[in-house]
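Enquirer: One structure coming up, written as structure tokens, with questions to follow.
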């Protein structure tokens, strides 16, 4: 049972190249299959954390592996969106560039301060993940950007600001910090409480 979370993470990791290959070689006919794989990947992301806590296998190693796999998984969907809808992606390049810059800043700040990548699994980041799900459903499944795209850009910007604040406030590197408010409490010596969300 303790290996199940790792198997779920590995499944999501394997889905990334599968999604890319489908988008590149199959094109439009693979749209709804890719959307289905995206939702399946999200389920593996939800349940790896739940199961890890139930069987007592949650650890720094697991959470860091989960974070980096999430990044690869969502990037694969981003590139798949480009293969399927290059015109739409080019039209919205400024929003996409903003998210890439914010993601890079999170890593740079964390590596500069702690020598490790971020692994906060913050609440706003989870909300951003849900907005990404909606945006990619519209973009890949229905070839639309609109409100879903702008919502995910806004959530992405806000959630990355929160992560940067978490990193700057924490006195030492920690994983699973729900928000910058919780990081502020940790900085001020208050007891850390585990806050469980859906992952």
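In our numbering, the protein residues as written are 18 to 216.
Built from N, CA and C at the ideal position, the CB exists for glycine as well.
In this structure, how does DSSP classify residue 190 when only helix, strand and coil are distinguished?
Expert: coil
Enquirer: Grouping DSSP H, G and I as helix and E and B as strand, with all else coil, what is residue 125?
Expert: helix
Enquirer: Determine contact between the segment 119-131 and the segment 32-42, defined as no fewer than three beta-carbon pairs at a distance below 8 Å.
Expert: no
Enquirer: Could you say which of 104, 72, 83 lies nearest to residue 136 if we only look at CA atoms?
Expert: It is 83.
Enquirer: Residue 173 and residue 145 - do their beta-carbons sit closer together than 7 Å?
Expert: Going by C-beta atoms, residue 145 is nearer than 7 Å to residue 173.
Enquirer: Looking only at its chain, what residues have a beta carbon closer than 7 Å to the beta carbon of residue 149, apart from the 5 residues adjacent to it on each side?
Expert: 91, 169
Enquirer: Return the CA-CA distance between residue 181 and residue 123, expressed in angstroms with no decimal places.
Expert: 6 Å
Enquirer: Excluding the 5 residues preceding and the 5 following residue 203 in the sequence, name in chain order all residues of the same chain whose CB lies nearer than 8 Å to its CB.
Expert: 186, 187, 188, 191, 194, 209
Enquirer: What are the boundary residues of the alpha helix (DSSP H) that residue 76 is part of?
Expert: Element bounds for residue 76: n/a, residue is neither H nor E.
Enquirer: Pick out whichever of 116, 120, 71, 53 has its Cα sitting closest to the Cα of residue 85.
Expert: 120
Enquirer: Excluding five sequence neighbours on each side, which residues of the same chain lie with their C-beta closer than 7 Å to the C-beta of residue 49?
Expert: 158
Enquirer: I'd like to check one pair, residue 154 with residue 72: are the Cβ atoms closer than 7 Å?
Expert: no
Enquirer: Between the alpha carbons of residue 165 and residue 171, how many angstroms are there, rounded?
Expert: Looking at the two C-alpha atoms, the distance is approximately 10 Å.
Enquirer: When you compare each of 134, 60, 55, 93 to residue 77 by their alpha carbons, which one comes out closest?
Expert: 134
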